[in-house]
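**Student:** Under my numbering, the first residue of the sequence shown is numbered 3, with each subsequent residue one higher.
The beta-carbon is built from N, C-alpha and C at its ideal position, and this holds for glycine as well.
All values derive from a computational prediction rather than experimental measurement.
Handing you this structure, nothing more for now.
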Amino acid sequence: MEFAKRKAATLAAMNSPEPDKSPKGSIDAPIVPLLTTINSHPFYFTTSSCSGRISIFAHPTTPSSTNPKKAKGGKWVFISHDPVDPNSVLPLLFGSELTQVDPHHSLVFRFEPLIIAIECKDVEAAQWLVSLAISCGFRESGITSATKKRVIISIRCSIRLEAPLGYTHKIMVSTEYLKYIVELANEKMSANRKRTDGFLDALLKKGSFGHHISNEKILGKYEVDSDESSACLDGPESEFMESSSKHLNDTKCGSLTVSGLNLSSTQMLITGESIERIFLWGHSASAIDDAFDKKVLIFGGFGGPGRHARRNDLLILDLEFSRLEVVDVRGMPLSRVGHTSLIVGKHMYVIGGRADPLNILNDVWAFSLNKKEWKLLQCSGCLFPPRHRHAAAAVGSKIYIFGGIQADVILSSLHVLDTEAMAWTEHQAEGEHPCPRHSHSMVPYGTQLYIFGGYDGEKPLGDLFSFDTETLLWKKETIPGKLPSPRFSHSMFVYKNFIGIIGGCPISQSQYELSLLDMRSHQWKHIVVNSLENDILIRSTANIIGDDLIMIGGGAACYAFGTKFSDPVKINLFPLLSLKSGELRESGEESGKCIDGSFWAIRIERKYAKLVKDVLKKFGWLDLRRKVYSLDDGIHICLPVTEFFSSIFPDKRTDSSAYFDSSKPIFESENPLKDISSSTEFKALKVLTECHATKIEDKVVKVKKASNTSLEVMKESVVSLISQRGLPLQLLDQLPSRWERLGDIVVLPRTCFKDPQWDSIGTELWSAVAKSLGARRLARQGRISPSGTRDSNLEMLIGDNGWVHHREKGILYSFDATKCMFSWGNLCEKLRMAHLDCTDEVIVDLFAGIGYFVLPFLVRANAKLVYACEWNPMAIEALRNNLQENLVADRCVVLEGDNRIVAPKGVAHRVCLGLLPSSEGSWVTAVRALREEGGVMHIHGNVKDSEEVSWTQHVLQSIEDIARSEGRVWDISVEHTERVKWYAPRIRHLVADVRCRRHSE
């Protein structure tokens, strides 16, 4: 209602005969049709506008007499909203009229293009109109304000001109120059008018500004047609795409939709570096997904913390710990945007991009995943032209590059980099090949490359091409069903048997839809992804880690009004595997018509089930995401198997004797699984055949569905309790969203359940919470004691005592959680210490605690001997127990008391100072503990993020001063500074690795 009232009042004022507040006093005639069209839509009204103007403005150069800090307002010497005759301007500057203007003014000649401020009914309507304006050339358009009350956008572009002319008493340019810039302004006025007319045409072609399509539909309230985004284009291409898309929708193939299946995105919680580090677009991201690492390597792009700019940061997002870190190495590539990166073998290759508007790149950089170092590669072969906004994909050891932009030329070449020979080749197009394009996507599927979409300089594209890397032939793919809408700057990925497309520009309802090409049925499917409403997936990246689609970055820019970046999100794709043929129906037909599925299982007699299941698990052939089930009243067991296994195991209709010689017994002992413990897949397959295993189509597809989250279960239980007691539902705001596990104890944050009203529920509350979290014991964290022993104040809510046994990366930590603190945030630092090679080293840990770093040094880093200094009796008790439990007590000397008194001297190759907020009180002790030859100190401290450099310099200077006072002649340097975690807002936990070497004369 408020929007409607404001619109009515604004339109009434526009129609009033009274002059408005603009210099002209009325609406500019050239844009009256455009404003009328916009205001005719119920979702928009204009609040101010200018059609574009040529002007000369006099600026005061002296301050006001009443306010010396503020200059008086200027004066328009000349203004026109139409092209200008150059000769008509000359008398204004070189005649007598200028003498009427105050002599203390400077003169500026300007051309300013169209600008319209529009209030929109909601953000969705604003996004749609901004997207349309940008596609019509008004690339500086954007949302200027988005509050609960009002949403304002600005339509504008960058066709500007500004030139100083001198002063009112002294013109600094000639008449010839003035004529030149007036003619230049007229050219810009013409371009501005043409662009404005194109915007009006695009609006009129949209049915929502006429009588053909409902407002809700055009703004994405309901399902939209695949040609939705094409109508924003100007010219014949738009009409062609509209007609072709409508023809497609009228064909008999219909559109495959998935009923009853929605995917949801989850915002990722990032630790370590600030999440602003990955507020980027135009970056690249490459995934590492193996048994040891689940990481995404992110390089370059535009954005980042502070002032947004092109970046050359290399970031690693560890998905196992949701931790983001910066790889701080020397010799990095130039900052860039619009490049590509791919991991081939043990290297990540970065190719091309744009360093700045005039510097388009064709360099190739390799980052060694093992050595953590960059190298600029010198490639032989044919010339690889500079480019950005291209697409890249790897098949084997070869990287394929297609399309992109070089200067103003849009490319259609396909270049191949052989990473073994380090040589470029160009494949000449054979077959039906793609047109020149940029901002498209390309992925490998087997030996095929698939390219979708992009921008050809005039319109977004919606075509799909394949390239066979063996036959070197292009093919335009014709896929039944509703096609993904034409788009560019989108993301593409491969998951199992699906090729997926998400995001892109123009923004439309398809922004929140996942388009999937099922490579088994060769048909398109479209699935809504919930919770993407606040994300703009334009120039973002998509990577598959396990069953998760990891979307990083993306956003949109308005040069005049700021930027919007998307948070990193995760979309679990595993539910796609539960799609049965019955769930895919052709629109307009009966629901009984299905598409064949291709899930497989092994049917086995119950007596062989255990053995066969163990064999399948051992070789990775058992599909753990589907359930085992029985057939024939329990006589047979069906074990779900992977796609790979189904391809190598004989079909049920095939005589297995053709594959295996069954004349010999396979069971050579009482334990057949032991027989194949070191044998080949062939023998394992023979075991299955001897057990009469039969491959069948899995028509049941019992997927292990994810249950409600622990928080959801907790909330349901607590809602019931507070409702029974008549307590306010606002108490639910105090439920914890995160918690920690120490052994079998779940530790709640100290900020939860703090309202005294919770006490009226009593132990019943804690029982419900513990049950929802699957906890035997429950505790709530208290503040760590500020005393020197840093005692824990953990409050046990359920359970008799606080002793826990916590295993971390193969190391067992036992301690009384109510008396000793345990630091979760130091896990990465403990792993860093564990990965050191400390063979034959003697180490002194001045703040041993329960063995946070002592145990990694001994168990993983193989230290020869560790002196562990600690003065907290409770921690010492736990430390001694942990040394025994981890079988390293014989290599550790526990020194009880103040380390400044009990620490050994002159023995250590390495000293650990793991005390927060500062270990400076023991820096002298650390220097004395090192050998005469020197060694390494790992110095911990809490530091303001703005003072990292000064803190490092302070550490270095202090250690140099201490060493000098102790008579140590050392060369001292800070080899590395590790950012462990954010300790508090803008406070980092840092570790400085200080190397001390005997000074060489």
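Using 8 Å as the cut-off, can you tell me whether the stretch 333-340 makes contact with the stretch 303-314, which would need three or more C-beta pairs spanning the two stretches below that distance?
**Tutor:** Verdict: yes, contact present.
**Student:** Exposed or buried, which one is L399 when buried takes at least 16 other CB atoms within 10 Å?
**Tutor:** Stepping through the sequence shown from its first residue, residue 399 is reached at position 397. Just to set this straight, residue 399 is Ser in the shown sequence, not Leu. Exposed, because fewer than 16 other Cβ atoms sit within 10 Å of the Cβ of S399.
**Student:** Residues in its own chain within less than 7 Å of A850 by CB, not counting five upstream and five downstream?
**Tutor:** Sequence index remark: in the sequence shown, residue 850 carries index 848 (1-based). Closer than 7 Å at the Cβ level, and outside the excluded window around A850, lie V856, A870, C871, E872, L881.
**Student:** Look at the Cβ atom of K123, then the Cβ atom of F5, and state whether they are nearer than 8 Å.
**Tutor:** Along the sequence shown, read from residue 1 onward, the residue named residue 123 stands at position 121. Along the sequence shown, read from residue 1 onward, the residue named residue 5 stands at position 3. Cβ distance < 8 Å, so K123 and F5 count as in contact.
**Student:** When the Cα atoms are used, what is the spatial distance from T473 to A394?
**Tutor:** Here residue 473 corresponds to residue number 471 of the sequence shown, with the count starting at 1. Here residue 394 corresponds to residue number 392 of the sequence shown, with the count starting at 1. If you take the alpha carbons of T473 and A394, they lie about 19 Å apart.
**Student:** Flag this pair as yes or no: are the beta carbons of L316 and L326 separated by less than 8 Å?
**Tutor:** Here residue 316 corresponds to residue number 314 of the sequence shown, with the count starting at 1. Here residue 326 corresponds to residue number 324 of the sequence shown, with the count starting at 1. It is not a contact, given that the beta carbons lie outside the stated cut-off.
**Student:** What three-state label does DSSP hand R999 in the structure shown?
**Tutor:** What you label residue 999 is simply residue 997 of the sequence shown in a count that begins at 1. In the structure shown, R999 sits in a strand (DSSP, three-state: E or B).
**Student:** So the beta strand (DSSP E) P93 belongs to, where does it begin and stop?
**Tutor:** Residue 93 sits at position 91 when you count from the first residue of the sequence shown. From DSSP, P93 is part of no beta strand (DSSP E) but of the alpha helix (DSSP H) over 88-96.
**Student:** Report the option in T691, E699, R313 whose CA atom is closest to the CA atom of W602.
**Tutor:** As a first step, residue 602 is located in the sequence shown; it is residue number 600 there, counting from the start. Residue E699 is the option with its Cα nearest to W602.
**Student:** What separation, rounded to the nearest whole angstrom, lies between the Cα atoms of L551 and K566?
**Tutor:** Mapped onto the sequence shown, residue 551 falls at position 549. Mapped onto the sequence shown, residue 566 falls at position 564. C-alpha separation (whole angstroms): 22 Å.
**Student:** Given that a residue counts as buried once 16 or more other Cβ atoms are within 10 Å of its Cβ, and exposed if not, what is H107?
**Tutor:** By one-based count along the sequence shown, residue 107 stands at place 105. Classification for H107: buried.
**Student:** Who are the Cβ neighbours of P166 in its own chain at under 6 Å, not counting the five residues just before and after it?
**Tutor:** One-based indexing of the sequence shown puts residue 166 at position 164. Only V110 meet the Cβ criterion.
**Student:** Would you mind sorting F369 into buried or exposed? The rule is 16 or more other CB atoms within 10 Å of its CB.
**Tutor:** Stepping through the sequence shown from its first residue, residue 369 is reached at position 367. Flag for F369 reads buried.
**Student:** S441: which of H349, R389, S774 sits nearest, CA to CA?
**Tutor:** Taking the sequence shown and counting its residues from 1, the one referred to as residue 441 is at position 439. The option with the nearest alpha carbon to S441 is R389.
**Student:** Quick test of your reading: R782 and R752, contact by CB under 8 Å. State the CB separation rounded to the nearest angstrom.
**Tutor:** As a first step, residue 782 must be located in the sequence shown, where it is residue number 780. As a first step, residue 752 must be located in the sequence shown, where it is residue number 750. 6 Å between Cβ atoms; contact.
**Student:** At 4 residues or longer, and completely inside the stretch 795-859: list those alpha helix (DSSP H) runs for me, N to C.
**Tutor:** Those alpha helix (DSSP H) runs which fall completely within the stretch 795-859 and span 4+ residues are 829-836.
**Student:** According to DSSP, which residues form a beta bridge with G305?
**Tutor:** Counting from 1 along the sequence shown, the entry for residue 305 is found at position 303. Answer by DSSP bridge pairing, in chain order: L282, A311.
**Student:** By the 10 Å Cβ neighbour count, where 16 or more other Cβ atoms means buried, how is S382 classified, buried or exposed?
**Tutor:** Start at 1 with the first residue of the sequence shown, and residue 382 comes out as number 380. That one is exposed.
**Student:** Going residue by residue through the stretch 916-954, where are the continuous beta strand (DSSP E) segments of at least 3 residues, counting only ones entirely within it?
**Tutor:** List check, beta strand (DSSP E) in window: 936-946.
**Student:** Determine the closest residue to R902 out of Q886, Y452, A928, E887, with distance taken between C-alpha atoms.
**Tutor:** In the sequence shown, the residue the question calls residue 902 occupies position 900. Selected option, being the one with the closest Cα: A928.
**Student:** Relative to the C-alpha of L889, which residue among V125, Y815, D616 is closest?
**Tutor:** For the purposes of this step, residue 889 is identified with residue 887 of the sequence shown, where counting begins at 1. Residue Y815 is the option with its Cα nearest to L889.
**Student:** Could you say which of E898, V861, K907, A11 lies nearest to L885 if we only look at CA atoms?
**Tutor:** The count along the sequence shown starts at 1 and reaches residue 885 at position 883. Out of E898, V861, K907, A11, V861 has the C-alpha closest to the C-alpha of L885.
**Student:** Have a look at H83 and G139 and give me their C-alpha separation to the nearest angstrom.
**Tutor:** Sequence index remark: in the sequence shown, residue 83 carries index 81 (1-based). Sequence index remark: in the sequence shown, residue 139 carries index 137 (1-based). Their backbone Cα atoms lie some 20 Å apart in a straight line.
**Student:** Got a sec, what are the start and stop residues for the alpha helix (DSSP H) Y610 sits in?
**Tutor:** Residue 610 sits at position 608 when you count from the first residue of the sequence shown. Neither: Y610 is in no alpha helix (DSSP H) and is coded neither H nor E.
**Student:** When you compare only the Cα positions, how much space is there between C830 and I747?
**Tutor:** The residue labelled residue 830 in the question sits at position 828 within the sequence shown. The residue labelled residue 747 in the question sits at position 745 within the sequence shown. Rounded to whole angstroms, C830 to I747 spans 22 Å at the Cα level.
**Student:** Please work out which residues of its chain come closer than 8 Å, Cβ to Cβ, to I29, disregarding the five sequence neighbours upstream and downstream, and give them in chain order.
**Tutor:** In the sequence shown, the residue the question calls residue 29 occupies position 27. Around I29: M16, D22, L37, S51.
**Student:** Reducing DSSP to helix, strand and coil, say where D963 ends up.
**Tutor:** Here residue 963 refers to the residue found at position 961 of the sequence shown. Three-state result, D963: helix.
**Student:** With DSSP as the reference, label K688 as helix, strand or coil.
**Tutor:** Mapped onto the sequence shown, residue 688 falls at position 686. Three-state DSSP puts K688 in a helix.
**Student:** Using 10 angstroms around the beta-carbon of C894, count the other beta-carbons present and answer buried if the total reaches 16, otherwise exposed.
**Tutor:** Residue mapping note: residue 894 aligns to position 892 of the sequence shown, counting from 1. Per the 10 Å Cβ criterion, buried.
**Student:** For H442, list the residues DSSP reports as bridge partners.
**Tutor:** Counted from its first residue, the sequence shown places residue 442 at position 440. DSSP, once it has assigned bridges, lists no residue as partnering H442.
**Student:** Does the separation of the CB atoms of P35 and S53 fall below 8 Å?
**Tutor:** Position 33 of the sequence shown holds residue 35. Position 51 of the sequence shown holds residue 53. No, the Cβ-Cβ distance between P35 and S53 is not below 8 Å.
**Student:** In the structure shown, what three-state DSSP assignment does F651 receive?
**Tutor:** Within the sequence shown, residue 651 is the residue found at index 649, counting from 1. Coil, per DSSP.
**Student:** Can you tell me the Cα-Cα spacing of Q450 and M424, whole angstroms?
**Tutor:** For the purposes of this step, residue 450 is taken as the residue at position 448 of the sequence shown. For the purposes of this step, residue 424 is taken as the residue at position 422 of the sequence shown. About 22 Å.
**Student:** To which residues of the same chain is A10 closer than 7 Å at the C-beta, ignoring the five residues directly before and after it?
**Tutor:** If you number the sequence shown from 1, residue 10 lands on position 8. Once the five neighbours on either side are set aside, A10 has no close Cβ partner at all.
**Student:** Does the separation of the CB atoms of W526 and G456 fall below 8 Å?
**Tutor:** Start at 1 with the first residue of the sequence shown, and residue 526 comes out as number 524. Start at 1 with the first residue of the sequence shown, and residue 456 comes out as number 454. No, these two residues do not count as a Cβ contact at 8 Å.
**Student:** Buried or exposed: where does V996 fall if 16 or more other Cβ atoms within 10 Å of its Cβ makes it buried?
**Tutor:** Your numbering for residue 996 matches position 994 in the sequence shown. Buried is the call here.
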